[in-house]
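**Q** Residue numbering for the sequence shown follows our numbering, beginning at 4 and increasing consecutively.
Got a structure for you, questions after.
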Amino acid sequence: MTATASPLARPGFIYSILLAIGMAAVVGAAIGFQYIGGYIPCALCLLQRQPYYYAIPIAILAAICELAGLPNWISRAMILAAGILMVVTAGMGVYHAGVEWHFWPGPATCSTTASSMTTNAGDLLGELNTIKGPSCTDAALRVLGLSFAGWNVIAGILLAAFAFIGVRKAA
Numbered sequence: 004m005t006a007t008a009s010p011l012a013r014p015g016f017i018y019s020i021l022l023a024i025g026m027a028a029v030v031g032a033a034i035g036f037q038y039i040g041g042y043i044p045c046a047l048c049l050l051q052r053q054p055y056y057y058a059i060p061i062a063i064l065a066a067i068c069e070l071a072g073l074p075n076w077i078s079r080a081m082i083l084a085a086g087i088l089m090v091v092t093a094g095m096g097v098y099h100a101g102v103e104w105h106f107w108p109g110p111a112t113c114s115t116t117a118s119s120m121t122t123n124a125g126d127l128l129g130e131l132n133t134i135k136g137p138s139c140t141d142a143a144l145r146v147l148g149l150s151f152a153g154w155n156v157i158a159g160i161l162l163a164a165f166a167f168i169g170v171r172k173a174a
């Protein structure tokens with residue numbers, strides 16, 4: 004009789020769970036800077052979050068497939084898809100960082116100023132149509148010379164590399 008490894012010990016499960024946790028930490032930090040730190044994201048910042056919103060459930064679903072004992076090509080394909088989405092967000096970050104450094108123009112949909120919210124409840128509905136996020140050309144914060152967009156490039160590349168390693172190890 005041969006002993007079978009627990010689904011929890013399978014590389015596909017481990018990589019998919021760690022990938023989901025890593026992606027949730029990155030996008031969670033961005034949301035934390037927004038709601039706790041008060042950094043209002045621009046339109047490009049919000050777009051860079053979308054690949055995370057798609058990739059996290061895909062990685063969790065890959066872990067569930069491993070737990071269910073489905074063929075490992077299914078979870079490997081999902082980990083690969085999550086990795087590709089991390090490459091997409093890294094590419095979006097490169098574009099956004101280039102806009103911030105004025106290497107190329109940003110999209111016309113990015114506003115040029117951020118206005119503050121009213122404290123008058125009667126004006127709240129009227130202001131919803133006029134309030135816009137900050138300009139995509141201005142970095143809200145730079146840490147070690149990198150803006151949020153620059154750090155997203157690094158995070159996206161690292162998470163993508165981790166996913167691609169996971170695809171190979173789960174084979």
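Virtual Cβ for every residue (Gly too), placed ideally from N, Cα, C.
(1) Could you say which of G153, F16, Q51, Y57 lies nearest to N75 if we only look at CA atoms?
(2) Measuring CB to CB, does V91 end up less than 7 Å from P54?
(3) I think A46 touches T112, with their Cβ atoms under 8 Å apart; what is that distance to the nearest whole Å?
(4) For L149, name the three-state secondary structure that DSSP assigns.
(5) Just the C-alpha distance for A33 and I168, rounded to the nearest angstrom, thanks.
(6) Rounded to the nearest angstrom, what separates L64 and A85 at their Cα positions?
(7) Rounding to the nearest angstrom, what Cα-Cα distance links V170 and S138 in this structure?
(8) Using only the alpha-carbon positions, how far apart do V97 and V156 sit?
(9) Take Y57 and list the residues in its own chain whose beta-carbon comes closer than 7 Å to its own, dropping the five residues that flank it on each side.
(10) Output needed for A166: all residues of its chain with C-beta closer than 6 Å, excluding positions within five of it in sequence on either side, in chain order.
(11) Could you name the residues of the same chain whose beta carbon sits closer than 6 Å to that of T5, not counting the 5 residues immediately before and after it, in chain order?
(12) Nearest-angstrom Cα distance between I67 and F106?
(13) For C139, name the three-state secondary structure that DSSP assigns.
(14) Out of A173, I77, G101, P108, point me to the one whose CA is closest to S150's CA.
(15) Look at the Cβ atom of R13, then the Cβ atom of E103, and state whether they are nearer than 7 Å.
(16) Where does L162 land, buried or exposed, given buried means 16+ other C-beta within 10 angstroms?
(17) Can you give me the C-alpha to C-alpha distance between Q37 and K172, rounded to a whole angstrom?
**A** The short version:
(1) F16
(2) yes
(3) 6 Å
(4) strand
(5) Rounded to whole angstroms, A33 to I168 spans 25 Å at the Cα level.
(6) Distance between the alpha carbons of L64 and A85 is about 11 Å.
(7) 38 Å
(8) 6 Å
(9) L88
(10) Same-chain partners within the cutoff: L22, I82, A85, G86.
(11) A caution first: T5 carries a pLDDT of 46, below 50, which makes its placement in the model unreliable, though a value can still be read off. Cβ within range, chain order: n/a, list empty.
(12) 43 Å
(13) Annotated three-state conformation of C139 is coil, per DSSP.
(14) G101
(15) no
(16) By the Cβ-count criterion, L162 is buried, with 16 or more other Cβ atoms from all chains shown falling within 10 Å of its own Cβ.
(17) 36 Å
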